[in-house]
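Residue numbers (mature numbering (1 follows the signal peptide of the UniProt record, and there is no 0)): -26 to -1, 1 to 164.
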């Protein structure tokens, strides 16, 4: 038995029909509505919530545990410069893109945050161990009741401040004359 080769050949090139390329009938791409990029991104991998602020944005971030409503007990991460939720987190409806729900706070054992190069602020009331790299720029960081580590080093003397809100075993590494509240148990100046 002889098998004839198929006359159908797959190709990625435009197909010609009656001498006219079908590519000529393709709908041109419509430019998307211009949207500003978010100021930060957040995800949750197992018990760790990771927050990354983008460069060249002044971020105003807040982390809290919701105390009422449908999100009661959930870890909420906010950024006034908008926040993009990634796997493990979802956008909070009605916030205009400024808040993300990262699930039940009871399963979160660590928050890792990296701020950008502008003057940023980070406020947390969540009683979760938090590690923060404040980046460059004049920053203000306040953490919740966990055992927190705050790195304010940016090579500029006296432009950053930290408040550890007590309740933990906190460490702040800072430049000379950066302001460190007395409730931060360990202070290291470089």
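Here a beta-carbon is modelled for each residue, glycine too, at the ideal position from N, C-alpha and C.
Item	Value
For a test of the three-state rule: what should DSSP assign to residue 87, helix, strand or coil?	strand
For residue 108, count neighbouring C-beta atoms within 10 Å of its own C-beta (all shown protein chains included) and say buried if the count is 16 or more, exposed if not.	buried
Excluding the five sequence neighbours on either side, which residues of its own chain have a C-beta within less than 8 Å of the C-beta of residue 10, listed in chain order?	56
If distances are taken between C-alpha atoms only, which option among 150, 143 and 13 comes closest to residue 135?	150
Determine contact between the region 66 to 79 and the region 89 to 97, defined as no fewer than three beta-carbon pairs at a distance below 8 Å.	no
Assuming contact is defined by CB atoms lying nearer than 8 Å, are residue 60 and residue 15 in contact in what I supplied?	yes
For the beta strand (DSSP E) that contains residue 102, what are its first and last residues?	Per DSSP, residue 102 belongs to no beta strand (DSSP E) and is neither H nor E.
Quick check: the Cα distance between residue 113 and residue 133, rounded to an integer number of angstroms?	7 Å
Look up residue 148 in the DSSP assignment and give the residues it is bridged to.	163
Quick check on the burial criterion: 16 or more other C-beta atoms within 10 angstroms. Buried or exposed for residue 44?	exposed
Just tell me which of 24, 42 and 101 has its CA closest to the CA of residue 89.	24
If I'm right that residue 98 touches residue 117 with Cβ under 8 Å, what's the distance once you round it to whole angstroms?	5 Å
Exposed or buried, residue 78, counting other C-beta atoms within 10 Å across all chains shown (16 or more means buried)?	exposed
On a Cα-Cα basis, can you pick out the residue from 164, 49 and 54 that is closest to residue 172?	Here the chain covers residues -26 to 164 and nothing more, so residue 172 does not appear.
Over what stretch of residues does the beta strand (DSSP E) that includes residue 77 continue unbroken?	73 to 78
How big is the Cα-Cα spacing for residue 144 and residue 20?	23 Å
Take residue 58 and list the residues in its own chain whose beta-carbon comes closer than 6 Å to its own, dropping the five residues that flank it on each side.	12 and 15
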